[in-house]
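There are 2 protein chains.
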Amino acid sequence: MLLAAGAGRRLRADGRLTSPKPLVRLLGLSLLERAILTARAAAGCPEVVIALGCDAPQIQKALGDGRRLGVRPRYALSPDWERGNGASALAARPFLRGCERFLLLMSDHVLDPEIPKALLAHGDALARGEADVLLAVDREPGPHIDLEDATKVRLDRDGRITAIGKGLDGYDAIDTGAFLCTPALFDALEEALRAGDGSLSGGVRALARRGRVRAVDVTGRFWIDVDTPQALRTAERLLLRRLRQKPTDGPVARHLNRPLSIRLSRWLVRTPLTPTQLSWLSFMVAAAGAVALALPGYPALALGGLLAQLSSVLDGCDGEVARLKLQTSERGGWLDAVLDRYADALLVGGLTHHAWLVAPGPGTAVWLWGLAALSGVLLNSYTADKYDAFLKRALEEGRRRPLRLGRDVRLFLIFLGALLNAPLATLVALALLNHGEVLRRLWLLGRA
Amino acid sequence: MLLAAGAGRRLRADGRLTSPKPLVRLLGLSLLERAILTARAAAGCPEVVIALGCDAPQIQKALGDGRRLGVRPRYALSPDWERGNGASALAARPFLRGCERFLLLMSDHVLDPEIPKALLAHGDALARGEADVLLAVDREPGPHIDLEDATKVRLDRDGRITAIGKGLDGYDAIDTGAFLCTPALFDALEEALRAGDGSLSGGVRALARRGRVRAVDVTGRFWIDVDTPQALRTAERLLLRRLRQKPTDGPVARHLNRPLSIRLSRWLVRTPLTPTQLSWLSFMVAAAGAVALALPGYPALALGGLLAQLSSVLDGCDGEVARLKLQTSERGGWLDAVLDRYADALLVGGLTHHAWLVAPGPGTAVWLWGLAALSGVLLNSYTADKYDAFLKRALEEGRRRPLRLGRDVRLFLIFLGALLNAPLATLVALALLNHGEVLRRLWLLGRA
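Right, dumping it as structure tokens:
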């Protein structure tokens, strides 16, 4: 269930944003779409109830039948939305009859999907009757969280919430706006509404008084409440920054490709290009590079090198756009990996052909180095996957992740080698470095 | 805990076997070693208590400190072993004080490690106090089980054992000789012994009378009680036959390589060669084949093809010996896979060189086909792993496993192509078939 009923006055206060708050766009998705996809990524369930109030027709029209997002939205129109978000939530009650438990997210909160996942992982506590509501809380909110405006909670030793509100003096953690609820919440919301408090916090407070609300600690996970223009800019900046933290990135990816690809992705999310289309685009740029490398003459070689490096930068964009638009999929990762291997094979093939063109004599050595480079590159990728899976436990036991000669370095070598007009030396380097890396893995494995 | 105290009179009755029964060898391991490794494969625990009686010094000397098998055996010498295997088991009692539960296996039973694993998977029933002993039972024993001599059990509807013994008239299942016990077993054994019954079944019967023994159904899993020379021969035959049932085997592996490699492995298990050494041996035969393929002249080419096919047969032996000697390991599988890829790359390289030697003109087309074949072969292997993992769920949903162009077919093609003196045609076939297979996987993935 998503709350998207408020007016969002503060976000629209400076007059620059004209659309309803849930439809305000952030990196290619509206806030509401983002919340829907976050819930879907966590729960894997296509059923969504959206509580609407202010601007309801406009929001309903924008989202439509939800097929584009892979969900079946039902709209709960609240006549009472101006009395508070708790009053709005009550409109969803008839849609959730018979539902054992449901996620409750705010459409104006941007969350790491791991936050609702953590709630669902603790769902047993509701099934066992230990609580009526679980609330994801952050004990160490980042500097981007507006503490003055945030809802605070006090916890007892067992993780039960004893007090909740914006004005708490002493507090233990911050309310992230993500809940896992049983329908008991609705009775509490009504109780609070009768007492004159139409807020969601009011209902949660009523349950907390009876010891029926538990906290789930999600400290360290990203979340932000987007209720001012500044928070919107901060959310964009932080979402983009998170893309830099991919642990498998090699040195060229981290320092050169990633900063460039993130700038590109920031623009690409606003286009209708899908991550799969971007994977193919990167592949086609590499294939064009391979053709250029294979042609005679230095200009063609240099162009081929440039296209190889451009493809390497573009190769980051499919994953980035997928993550920004919450569209990551195993299938997408598989396609990207296979296309990358084909691109690598074509580039090495093109480079070998060029080296042969400029070689004196029959050039047998060039072809043999080409075969060696090709097998080295592909075996590096082959063993990387297997090796990673195998050494994962060793790594989890705290050992240092061994340096990996990855695709970023490989394509950068081709780029440099082409610019320096040294195709054969590049092949030799690719062969030696890649086979060396594979042999190093075999050796490490023998010692492990 | 392993029972290895009996005299094994029936097994030694024909006078051909002179060693103590637990030391009788079956495909490279003694029965006792086999039981120890089975327990270790299931429980992953190096602590083993071995109840000894007849021939105790000889058995103790043969096993030593157990380091060779990766276990720490402690020997429980039973003065009462002639009173029955229950009496022998009692000698282990002091060693198991404070132990919550333990596997109890017979050293003369050959079991699929999945049987003790199934017992351990049901261990919660003991922790919850629902039973004192779990017994693995087989409802549909194979034709190799001597029903007359087998211990039968009767079960109630909840899987509780109500009667156990060799002479039961009506019965529901057969006792496989694998137990998961709490130390409560020892009290029951003493009780039975006082009543004059020194057998393990006697103790189990005493517990069963109080409803404290539960059955775990392991129907369909392989097990055999090796107590006659004929049963020993049957066990060998069935263990070898099980090697044929590898679901990933392609047509050449199934009909040609596997029958040959199983014959070889039957002999190899008696040598000290380890599976890792066999992986290297297969690789070195392929490498020698690659050198032969690369040399000029038809005899060299044909020899190379023969060595490629021989390597393909040998490639089955490492896994077979590992399975027969209970030495399978993730590390071994990884090494085998990487060496196979290197062998493939070398063979394609050698074949390309030969094709170039006999080609008219500069032979550029030959080298390009070589690059295409090499990338096809390696990408086939690369995508096979990823594809299998990805499509596993689809397959589990009952769809047909798509035909896979595997290594057996690949090396057989090289063998045939070399014998037919058609190196270039072989490269073209390898390139087209392997890339075709990869593209087919991409296409299937797009539809999935």
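As they're listed, the protein sequences go chains A and B. Mapping to my numbering: the first sequence position 46 is 46, numbers consecutive. One gets my numbering by counting positions in the second sequence from 1 and adding 448 to each. Glycine is no exception: its CB is placed at the ideal position from the N, C-alpha and C atoms.
Check                                                                                                                            : Outcome
Ala345/A at chain B interface by Cβ criterion, 7 angstroms                                                                       : yes
According to DSSP, residues forming a beta bridge with Ile161/A                                                                  : Leu155/A
Backbone CA spacing between Leu500/B and Trp728/B [nearest angstrom]                                                             : 39 angstroms
Residue nearest to Lys614/B in terms of C-alpha spacing, selected from Pro707/B, Gly607/B and Thr599/B                           : Thr599/B
Residues of the stretch 800–812 of chain B with Cβ closer than 9 angstroms to any Cβ of chain A, in chain order                  : Thr800, His801, Trp804, Pro810, Gly811 and Thr812
Under 7 angstroms by beta carbon: chain B residues contacting Trp443/A                                                           : Within chain B, no residue comes near Trp443/A; the closest Cβ sits about 11 angstroms away, beyond 7 angstroms.
Interface flag, Thr831/B vs chain A, CB-CB below 7 angstroms                                                                     : yes
Residue span of the alpha helix (DSSP H) that contains Val796/B, given as start and end                                          : Glu778 to Val806
Chain B contact for Val338/A (CB, 7 angstroms cutoff)                                                                            : yes
Inside the stretch 60–124 of chain A only - beta strand (DSSP E) runs reaching at least 3 residues                               : 72–77, 102–106 and 109–111
Cβ neighbours of Gly846/B in the same chain (closer than 6 angstroms, five flanking residues each side left out)                 : Reliability fails at Gly846/B, whose pLDDT of 49 lies under 50, so the model's placement of it is uncertain and no value is given.
Which listed residue (Ala7/A, Ala41/A, Ala188/A and Leu180/A) has its alpha carbon closest to that of Gly70/A                    : Ala41/A
Neighbourhood of Gly86/A by C-beta distance below 8 angstroms, restricted to the same chain and skipping five residues each side : Leu189, Ala192, Leu193, Asp197, Gly198, Ser199, Leu200, Ser201, Gly202 and Gly203
Distance, His570/B Cα to Ala308/A Cα                                                                                             : 56 angstroms
Run of the alpha helix (DSSP H) containing Cys54/A, from where it starts to where it stops                                       : No alpha helix (DSSP H) holds Cys54/A; DSSP gives it neither H nor E.
Residue(s) in a DSSP beta bridge with Glu495/B                                                                                   : Arg520/B
Chain B contact for Arg407/A (CB, 7 angstroms cutoff)                                                                            : no
Range of the contiguous alpha helix (DSSP H) that encloses Thr676/B                                                              : Unbroken run through Thr676/B: none, as it is neither H nor E.
Nearest to Leu442/A (by Cα), restricted to the options Gly884/B, Ala566/B, Trp782/B and Leu459/B                                 : Trp782/B
Beta-carbon proximity of Ala359/A to Val366/A, cut-off 7 angstroms                                                               : yes
CB contact check: Leu430/A to chain B, cutoff 7 angstroms                                                                        : no
Contacts that Ser823/B makes with chain A (C-beta to C-beta distance below 7 angstroms)                                          : Ala345, Leu374 and Leu378
Beta-carbon proximity check, Cys765/B vs Ser709/B, cutoff 7 angstroms                                                            : yes
Spatial distance of Arg689/B from Pro591/B (CA atoms)                                                                            : 15 angstroms
Buried/exposed call for His703/B, threshold 16 Cβ in 10 Å                                                                        : exposed
Proximity of Ile672/B and Val558/B at Cβ, strictly below 7 angstroms                                                             : yes
Beta carbon of Val786/B nearer than 7 angstroms to that of Thr383/A                                                              : yes
Exposed unless 16 or more other CB atoms sit within 10 angstroms - verdict on Tyr342/A                                           : buried
Proximity below 7 angstroms, CB of Ile609/B to CB of Ala663/B                                                                    : yes
Cβ-Cβ distance between Arg520/B and Glu495/B below 7 angstroms                                                                   : yes
When Leu551/B, Gly854/B, Asn869/B and Ala740/B are compared against Asp697/B, the one with the closest alpha-carbon              : Gly854/B
Member of Trp369/A, Thr274/A, Asp108/A and Thr352/A whose CA lies at the smallest distance from the CA of Arg68/A                : Thr274/A
Rounded separation between Asn882/B and Asn828/B - CA only                                                                       : 6 angstroms
Cβ-based neighbour list, Val8/A, same chain, cut-off 6 angstroms, excluding 5 preceding and 5 following                          : Checking the sequence shown, residue 8/A turns out to be Gly, not Val. Contacts found: Lys21.
Assigned secondary structure, Asp856/B (DSSP; H/G/I helix, E/B strand, else coil)                                                : helix
Ser649/B, DSSP secondary structure in three states                                                                               : helix
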